[in-house]
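Novice: The structure follows.
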Amino acid sequence: MADREYRLYRPVWSEHILDEASRAIIRNSKFAGDRSFRSSIDRRFQQMRAAFPGAAVRRFGHLEPLMGNQKRDRHVLAAAVKARASVIVTNNVKHFRPEACAPYGITVRTPDQFLQDCLRREPERVIAGLQEQASRFRDPPRTVEELLTEDLSRPAPRFVAAAQTEMRYQANLDRRVAQIESDPKTAPYLQGVMKRPPQDEEGKMIWRQGVRRVERYRDDFGVDDPTRPLGRKLGLDPDQQAARATQVQHLWESESALKRLRPNRIGP
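At position 161 of the sequence shown the residue is numbered 845 (my numbering), and the sequence of numbers has no breaks.
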């Protein structure tokens, strides 16, 4: 999910961090004594370095004495400060107290929390990234569901549950979109929204995201018109509320046009 196509975050690390991570994986594995396993871990980290050549952080040693977190992990916070990172992802959150990280604009999240943040922010891109990752397995092939349950259910159980829910939601939405696209009665609506019939995949994705936003507002806030109570429920000031209303107004108008064309909602 960090590659160029699905860029949801920019990973940064130091060689010290990678060395610690590699040793921890080997130390905590039941295959620690297997030379081929250790070689496979080394290859995986080399692949990471090759995939993200700009991720390495250097020349931050002078910052370590200034860090206020746990002494052994000051190099991690110093590297994050040097790289101007906004998040440190670790299961060892107790070594990165908020009072040590907040002055540098850095928050600390567990892997499960971080993946949930990504899913909330860009649900379609996260699921697309998981689908791409699963498609790389050939012998044997793997599905996204297998990837989630076998690889991620232990380190990120809440993310897995949320991703499974999101996949079901997207599948239902895809069925609804397919019904709408196949109905000639909706042609004026599609042309009005897209300014052209959405024959290409990019156009269909943009239109689908528009329908998704309206549906999400309804699901999250239990309202038909998302432009009115939305700002109040999110605690926005009047200017922010007006800006948010403007952003979703065209989506609401598009959905109203759809309701005139198709009075009965498609799907559950």
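Cβ coordinates follow ideal geometry from the N, Cα and C atoms, glycine included.
Taking its Cβ as the centre, do 16 or more other Cβ atoms sit within 10 Å of Gln800, making it buried, or is it exposed?
Specialist: Buried, since its Cβ has 16 or more Cβ neighbours within 10 Å.
Novice: Whole beta strand (DSSP E) runs in the region 779-818 with 3 or more residues, listed along the chain?
Specialist: Listed in chain order, they are 791-793.
Novice: Rounded to whole angstroms, what is the Cα-Cα separation between Ile772 and Thr791?
Specialist: Between Ile772 and Thr791, the C-alpha separation is close to 6 Å.
Novice: Please classify Asp757 as buried or exposed, where buried requires at least 16 other C-beta atoms within 10 Å of its C-beta.
Specialist: Per the 10 Å Cβ criterion, buried.
Novice: Whose C-alpha, out of Glu806, Thr774, Ala786, is nearest the C-alpha of Ala708?
Specialist: Answer by Cα proximity: Thr774.
Novice: According to DSSP, is Tyr693 helix, strand or coil?
Specialist: Looking at Tyr693 - three-state DSSP - the assignment turns out to be coil, as it is neither helix nor strand.
Novice: From Thr833 to Arg793, what does the alpha carbon distance come to, in whole angstroms?
Specialist: Using only the alpha carbons, I get a separation of about 21 Å.
Novice: Alpha carbons only, please: which of Ile701, Arg694, Thr827 is nearest the one belonging to Val760?
Specialist: The candidate whose alpha carbon is nearest that of Val760 is Ile701.
Novice: Since Gly784 contacts Gly813 with CB under 8 Å, what's their CB separation in whole angstroms?
Specialist: The amino acid at residue 784 is misidentified as Gly; the sequence shows Ala. Rounded, the Cβ-Cβ distance is 31 Å, inconsistent with contact.
Novice: With respect to 7 Å, is the separation between the Cβ of Ile811 and the closest non-hydrogen atom of the ligand PLP below this value?
Specialist: The ligand PLP is not part of the structure shown, which contains no ligands of any sort.
Novice: What three-state label does DSSP hand Arg728 in the structure shown?
Specialist: Arg728 falls in the helix class under three-state DSSP.
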